[in-house]
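Undergrad: To start, I am sharing the structure in question, which I have written as structure tokens.
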Amino acid sequence: MRKACIIVGAFLALALQAFAQEDVQRLNLLGRSAVDGYHLNLTETDREWLRAKNSLVLGVSVEDIAPPFELGLATHDYEGLVADYVGLLSQLLKIDVQIHRYDTRDMARKALTEGQVDFLAMARSEDAVDGFVLSKPYSDDRQVLVSREDPDKLSATNLAKKRIAVVGRYWRPDIFKSTYPQANFQIYPSAQSAIGAVVFGRADAYLGEAIRANYLINKNYLNDLQILQIPIIDHQHFSFLLRKEQHKLLGVINSAIMAIPLSERLNILRRWSAGGDSLSSQFFFNHSLTIEERAWLRQHPRLKVGISINDIPVSFVDGKGRFRGVAADVLNRLSILMGVKFEPAYQESFYEILPLIRDSDIDFLAALPKSQSREKVLDFTRPYLIEPVVLVNRMDGDSIITLEHLEGKKLATIRDSAVCEFVSEKYPKVSLVEVNSISEMLILLNTGAVDAAIGPLHAIRYEIKRSYPDSLQVIGSLDQLWMQVAFATPAGSPLLYSILNKALLSIPPKEMDDLTGRWQGDFAIDDSYWARHRHDLIEFLSIGLAILVTALFWVGYLVRQVRKRRQAERALHEQMVFMRLVVDGTPHPIYVRDRKGRLLICNNAYLETIGLKREQVVGKLLTETPLDVTSARLLHDVYVDAMSRGIAVSQDRVLTFTSGKVLKVYHWVLPYHDERGAVAGIICGWLDIGERQRLLEELHDAKEDAEMANRAKTTFLAIMSHEIRTPMNAVIGMLEMMLKGNESRSTDLFSLEVAAGAARELQNLVGDILDIARIESGRLSLSPSRMELRKIVESVLRMFEGGARQKGLRLRFYFDQAAERDVWGDSLRIKQILSNLLSNAIKFTSSGEVSLEIKVLDTFNDSLSLLIEVKDSGIGISTEDQLKLFSPFSQASNNNQSARNGSGLGLAISRSLCEMMDGTLVLSSMLGKGTQASVNLRLPILKPLPATDTEQTVPVQLSKALNILVVDDYPANRLLLAQQLEYLGHKVVTAEDGAKGLEAWRTGDYDAVITDINMPFICGGELTRIIRSEEGTKKAKSCRILGFTANARPEERQRCLDAGMDDCMFKPVRLNDLSARVGIARLHALEETENSALGSMPERNNTSIDVSSIIELARGDKAGVKSLLGHLRDSNIDDLKLLTELDHSRDITAISDLAHRVKGGAQVINMQSLIECCEAVESACERLDMEVLGLEVVALKQAMHELNNALLTF
């Protein structure tokens, strides 16, 4: 049983280990260092243990990827600074080292605890807890402060309110916050993102490890960032991490690490510094310090330095108050190496600084030339500047070439300098004049107080060039003497002296030459580009000149090669310029992402499109951009597909942003490869094809508009054909019935009334079409005149009182007293507007009320601002319908309540008329709540006229008939007008054209002439002028001449008046209009007859029908009325039976036709409920809505039953 348990446990352990190893990635160790010239002495026991071990396993994690320690490339190689040290360990221990990479740092530590790996890399002091131990450090590191290249605005000691980027894993709040308590620290996941935040302005500085910072800056941001200072905050060491019980392994690893020489460590550090030497200098300096020196530096983070401000070019302060010169550059470099801050103590010359160092007010002097007398009281470091000593003379002075020529003469020199000691010892006969500065020495020479001067070359050359270019000159240099400038410390500061010497030694000679070289030769105090780079520029020009001369010597032999090379260089340069323009100057977005989808670079067009700054997108995933979730997911799938297959992908896409912005783009994805051929990321971009799509849509819309216009014309013609055919059908049909009726000598007045009504509808339709045509052509004009506003409004209101009462509506009227005055306006057009609004309100209101309110808003400059409001409680209008109501031939939907009739021109004409009168028409409505139409007009106020008798507007009752001549070339109109005049009791003579009309007038005696305007031979206007002319010649009494035309335009009327006519009538003319102009010779008793017939009819039990039109048609004959009503009831019963049959068969076309026919009969008796039911059935048939149709047919049957019941009461 025990063996079985052991076997099962072993299987479980193996299974768990296999499962755990699924998350492990095995890498190949790629170390670039080799053991050369050194080896490791191990005991035989240790070697035996290693042979038994066979191999070591190093555990690393994805979270530890941080160049240059671990590169983390998309390959199976483990490469970087740590890999070089592990490779050396493998060679020294002669054992294979395997690399296992885990997803997280915790998983790697767990693997170490469980024995799956032997040791971990990238461990620091805080990792040596919970049973773990650190090896000897294989690399030292400490914090540095990195910022953009702006040293005047940011320093390590002035970080108050600055944004400092730090890496989360190495965040030491106890140390960092105590050192910089007023700084604002920002935590980032990696050094790359933290330094990127500084580059792109999201942070002011980066505080972190020197090795990583140096690598990333030299690799990516060499021209953008600089290491301002390395403060001594927390020394860091990188070691390997092992379990405490691994004593044997710890011992051999420590031995191997100690065996690696300093030179190899420096080589590794240089290899992974991306081209910079600062880290190797730092490493050398750190390893050269003793324990006491390290402790002294930690205790002295700030050192006071004595600085002379007038020792050009070694030490001076420029016009901006900045410390400049050779000493300044060297001190800046030492500040980085030593990790301390130098606080300057400025003085005019170093003679004034010497008391400060004796009193311990400063720690050392920045620049002091060595001399024997000074070395007795000060300790001088190794010199960092050595320059020749030169002899200066006046241009017009004695010929002095060497010091021998100065015997018995005066020589100016610097007090206590090595030059002074040298001349005193070697040339005692020269009379020395000691001064405190170069400028003072040259003043004495220029004024003749001394014969010559001696001093350092560069300082003298600068002073001569600046102040004495035409009077002093350098005549030679001394071979036996050099000026050595060094730091000077008090004699009692051996640690500081040693540290400064080691720091100077750690600076490579090439770097020291670069620091001092810029101040040699010609230079300028102002920090101009030429002054800072003069040496480099001269060197560059010299090299170019040398190449040019060489090329000239070799031109015969190398002319073709040089030409080809230049062509290649030009092509390469053009290609580089082109690529730079493509990436940076292209107006289309371009961006690059790595394998994980994080943004690396992008151009300005990309930033402008997404509306973010560069620092907000660099290093971010696609899901962190303003794209919505769906667009980001789909685009990420394209990235993954392109990188997995390694091929370019391009397609049209729609990018939707969270702001609602939508872009239609042609998007492309191009994978790019690293030097090993593996896909390292993707280059992406897109072209905005929204304009192309918009043009296509506009083309499509234009095509649709053209087709819609075509359909609109067809629809308009169909509508007009229907609208005109409907009344024309009634006119023709009724007239035909009359003709048939006349055969039996019985006049059908009902048919006449229907025909007349249809003709009036046709007249209104034609009038609306003419108005809208005039409005669109800009030829509609107003005819303003004096009018009394109240009478105009009340006359319109009276026209609609009957219709409102028939529908059972309350018609309310309010008129502001302030509006009761005479105004100037077009009364006809105002009536037209009011009629349209009231007609619509009553037509679409089935119950409730309709109100008309006239209000005065203000009176200003003798004008009246009116607000005319027409409100109803009808069915209302939807928002969609309101948008199109003011378009010609547009109507609102019926909302299943009533079918619309009319042409849809009324509101369009009304708004246009309001705008012509500088007014407005606004419609507000809510579906099911009613509608309000508001008209704003401003009309001029007129002074009231003197009171007169009211003019009679009723037709004049004439005592005798008039002789009237009718002239018209159209027989139907001529016959109609003759019959109308005869009906009014007049005698009529007709003529078929203007010539015959003139002949008839000349041979007859006529009281009036009514003539058409457009006729053959002689038109109406010409006929009028001839008649008026002959009347004037004969001095005869003028007859009344009336024009008669179908051109219903104000200008046509004016032409008639100008021709001499008394008035003008527009076709068709009704009897009322005609009688108002020619009078009535006999009166008819129709009204009295109708009233008597109505009075004798029985009372109606149902007021929903109106038989007044029936009575009028029957001329008051009771029998005729009853007969007509009986026929109506019989027809209604037949229609009801037919409707039932059609409802069963669901014949939509037949049901619609039947409803239209029933509606015609209902309109005769004005039964509004039956009319609405018919219109609802017609509407349902048009929409093919069978469900609604069934309900509406039931309602129609009920209304027809009610009609039968109502007719039984008569």
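Anchor point for the sequence shown: position 1095 equals 1122 in the numbering used here, and the numbering is continuous, going up by one each time.
All C-beta atoms in this analysis are idealised placements derived from N, C-alpha and C, irrespective of residue type, glycine included.
(1) Is Leu1234 near the ligand SAH - that is, is its Cβ less than 8 angstroms away from at least one heavy atom of it?
(2) So, using beta-carbon positions, are Val897 and Val877 closer together than 9 angstroms?
(3) Quick check on Met510: does DSSP put it in helix, strand or coil?
(4) Could you tell me which of Gln594, Glu1057, Asp1034 sits nearest to Leu1069, measuring between CA atoms?
(5) Put Ser890 into one of helix, strand or coil per three-state DSSP.
(6) By a C-beta neighbour count over all protein chains shown, 10 Å radius and 16 as the cutoff for buried, is Val656 buried or exposed?
(7) Within the continuous alpha helix (DSSP H) that includes Glu1205, where are the two ends?
(8) If you measure between the beta carbons of Leu964 and Ser892, is that distance less than 9 angstroms?
(9) Is it true that the CB of Ser166 sits closer than 9 angstroms to the CB of Leu296?
(10) Less than 9 angstroms between the C-beta atoms of Val619 and Gly717, yes or no?
(11) Relative to the C-alpha of Ser300, which candidate in Ser937, Tyr242, Leu277 has its C-alpha closest?
(12) Here's a check: name, in chain order, each residue in its chain whose Cβ is nearer than 8 angstroms to the Cβ of Val645, leaving out the five neighbours to either side.
(13) Within the same chain, show all residues whose beta-carbon is closer than 7 angstroms to that of Ser444, passing over the 5 residues directly before and after it, in chain order.
(14) Would you grab the beta carbon distance between Val1096 and Asp1039 for me? Rounded to a whole angstrom, and I think it's under 8 angstroms.
(15) Can you tell me which of the three DSSP states Lys368 falls into?
(16) Could you tell me whether the stretch 151-164 touches the stretch 116-129, where touching means 3 or more Cβ pairs closer than 8 angstroms?
(17) Quick test of the definition: if touching needs 3 or more C-beta pairs under 8 angstroms, does the stretch 264-276 touch the stretch 184-200?
(18) Could you tell me how far apart the beta carbons of Val344 and Tyr378 are, in whole angstroms, since I believe they sit closer than 8 angstroms?
(19) DSSP has Met953 in a bridge; who is on the other side?
(20) Restricting to Cα atoms, I'd like to know which of Arg1067, Glu1078, Met1042, Ala1086 is closest to Ile1053.
(21) Can you look up Arg672 in the DSSP assignment and give me helix, strand or coil?
(22) Could you give the first and the last residue of the continuous beta strand (DSSP E) run that contains Asp621?
(23) CA-CA distance, Met285 and Arg239?
(24) Using DSSP bridges, identify the partner residues of Ala1241.
(25) Could you check how far apart the C-beta atoms of Ile1248 and Gly333 are, in whole angstroms? I think they sit under 8 angstroms.
(26) Take Gln924 and list the residues in its own chain whose beta-carbon comes closer than 6 angstroms to its own, dropping the five residues that flank it on each side.
(27) List the DSSP bridge partners of Met1092.
(28) Give the secondary structure of Arg837 by DSSP, where H, G and I count as helix, E and B as strand, and everything else as coil.
(29) For Val404 versus Lys437, is the C-beta spacing smaller than 9 angstroms?
(30) Please give the ranges of any alpha helix (DSSP H) in the stretch 366-425, keeping only runs that are unbroken, at least 4 residues long and fully inside the region.
(31) Going straight from the alpha carbon of Asn294 to that of Arg622, what length do you get?
(32) Any idea if Asp145 is buried or exposed, counting beta-carbon neighbours within 10 angstroms, 16 or more meaning buried?
(33) Quick check: what's the CA-CA separation for Ser342 versus Phe350?
(34) Name the two residues that bound the continuous beta strand (DSSP E) containing Val696.
(35) CA-CA distance, Phe887 and Tyr1010?
(36) Using alpha carbons as the reference points, say which of Asp406, Gly366, Arg360 lies closest to Leu381.
TA: On the basis of the coordinates in this document:
(1) Annotation note on the ligand SAH: not contained in the displayed structure, which lists no ligands.
(2) On the sequence shown, residue 897 is found 870 positions in, with the first residue counted as 1. On the sequence shown, residue 877 is found 850 positions in, with the first residue counted as 1. Yes, Cβ-Cβ distance for Val897 and Val877 is below 9 angstroms.
(3) Looking up residue 510 in the sequence shown gives position 483. Strand, per DSSP.
(4) The count along the sequence shown starts at 1 and reaches residue 1069 at position 1042. Looking at the Cα atoms, Asp1034 is the closest of the given residues.
(5) Walking along the sequence shown from the start, residue 890 turns up at place 863. Correct three-state label for Ser890: strand.
(6) Residue mapping note: residue 656 aligns to position 629 of the sequence shown, counting from 1. Exposed: under 16 other Cβ atoms inside 10 Å.
(7) By one-based count along the sequence shown, residue 1205 stands at place 1178. Its alpha helix (DSSP H) spans residues 1195-1210.
(8) Position 937 of the sequence shown holds residue 964. Position 865 of the sequence shown holds residue 892. Contact: yes.
(9) Position 269 of the sequence shown, counting from 1, holds the residue named residue 296. Position 139 of the sequence shown, counting from 1, holds the residue named residue 166. Yes, these two residues count as a Cβ contact at 9 angstroms.
(10) Locating residue 619 in the sequence shown gives position 592, counting from the first residue. Locating residue 717 in the sequence shown gives position 690, counting from the first residue. Cβ atoms of Val619 and Gly717: not closer than 9 angstroms.
(11) Reading the sequence shown from its first residue, position 273 is the one you call residue 300. Selected option, being the one with the closest Cα: Tyr242.
(12) Here residue 645 refers to the residue found at position 618 when the sequence shown is read from its first residue. Listed in chain order, the non-local C-beta contacts of Val645 below 8 angstroms within the same chain comprise Gly223, Phe227, Leu626, Leu627, Ile628, Cys629, local neighbours out to five positions each way being set aside.
(13) For the purposes of this step, residue 444 is taken as the residue at position 417 of the sequence shown. Cβ neighbours of Ser444 beyond the five flanking positions: Pro396, Ser398.
(14) By 1-based counting over the sequence shown, the position of residue 1096 is 1069. By 1-based counting over the sequence shown, the position of residue 1039 is 1012. Contact doesn't hold; Cβ gap of about 12 angstroms is too wide.
(15) If you number the sequence shown from 1, residue 368 lands on position 341. Three-state result, Lys368: strand.
(16) Taking 8 angstroms as the limit for Cβ pairs, the verdict is that the stretch 116-129 does not touch the stretch 151-164.
(17) Segments in contact, no.
(18) Translated into positions along the sequence shown, residue 344 becomes position 317. Translated into positions along the sequence shown, residue 378 becomes position 351. In this structure Val344 is not in contact with Tyr378, their Cβ atoms being roughly 17 angstroms apart against a cut-off of 8 angstroms.
(19) Stepping through the sequence shown from its first residue, residue 953 is reached at position 926. Met953 is bridged to Gly957.
(20) By one-based count along the sequence shown, residue 1053 stands at place 1026. The option with the nearest alpha carbon to Ile1053 is Ala1086.
(21) The residue given as residue 672 occupies position 645 in the sequence shown. Looking at Arg672 - three-state DSSP - the assignment turns out to be helix.
(22) Reading the sequence shown from its first residue, position 594 is the one you call residue 621. Note, Asp621: beta strand (DSSP E), 617-621.
(23) Sequence index remark: in the sequence shown, residue 285 carries index 258 (1-based). Sequence index remark: in the sequence shown, residue 239 carries index 212 (1-based). Cα-Cα distance, rounded: 23 angstroms.
(24) What the structure shows of the chain is the stretch from 28 to 1237, and residue 1241 is not part of that stretch, so it cannot be assessed.
(25) For residue 1248 there is no data in the structure shown, the boundaries of the chain being 28 and 1237.
(26) Against the sequence shown, residue 924 aligns to sequence position 897. Reliability fails at Gln924, whose pLDDT of 47 lies under 50, so the model's placement of it is uncertain and the value that follows must be treated cautiously. Only Ile902 meet the Cβ criterion.
(27) Within the sequence shown, residue 1092 is the residue found at index 1065, counting from 1. Beta-bridge pairing links Met1092 to Phe1071.
(28) To locate residue 837, count along the sequence shown from 1; it is residue 810. Residue state, collapsed to three classes: strand.
(29) As a first step, residue 404 is located in the sequence shown; it is residue number 377 there, counting from the start. As a first step, residue 437 is located in the sequence shown; it is residue number 410 there, counting from the start. Between Val404 and Lys437, the gap from beta carbon to beta carbon reaches 9 angstroms or more.
(30) The qualifying runs are 377-385, 399-402.
(31) Counting from 1 along the sequence shown, the entry for residue 294 is found at position 267. Counting from 1 along the sequence shown, the entry for residue 622 is found at position 595. Spanning the two alpha carbons is a distance of roughly 31 angstroms.
(32) Along the sequence shown, read from residue 1 onward, the residue named residue 145 stands at position 118. So Asp145 counts as buried.
(33) In the sequence shown, residue 342 corresponds to position 315, counting from 1. In the sequence shown, residue 350 corresponds to position 323, counting from 1. Phe350 has its alpha-carbon roughly 7 angstroms from the corresponding atom of Ser342.
(34) As a position in the sequence shown, residue 696 is number 669, starting the count at 1. Taken as a continuous stretch (DSSP letters only), the beta strand (DSSP E) holding Val696 covers 689-700.
(35) Counting from 1 along the sequence shown, the entry for residue 887 is found at position 860. Counting from 1 along the sequence shown, the entry for residue 1010 is found at position 983. When rounded, the distance between both Cα atoms is 52 angstroms.
(36) Indexing the sequence shown from 1 puts residue 381 at position 354. With respect to the C-alpha of Leu381, the residue from Asp406, Gly366, Arg360 having the closest C-alpha is Asp406.
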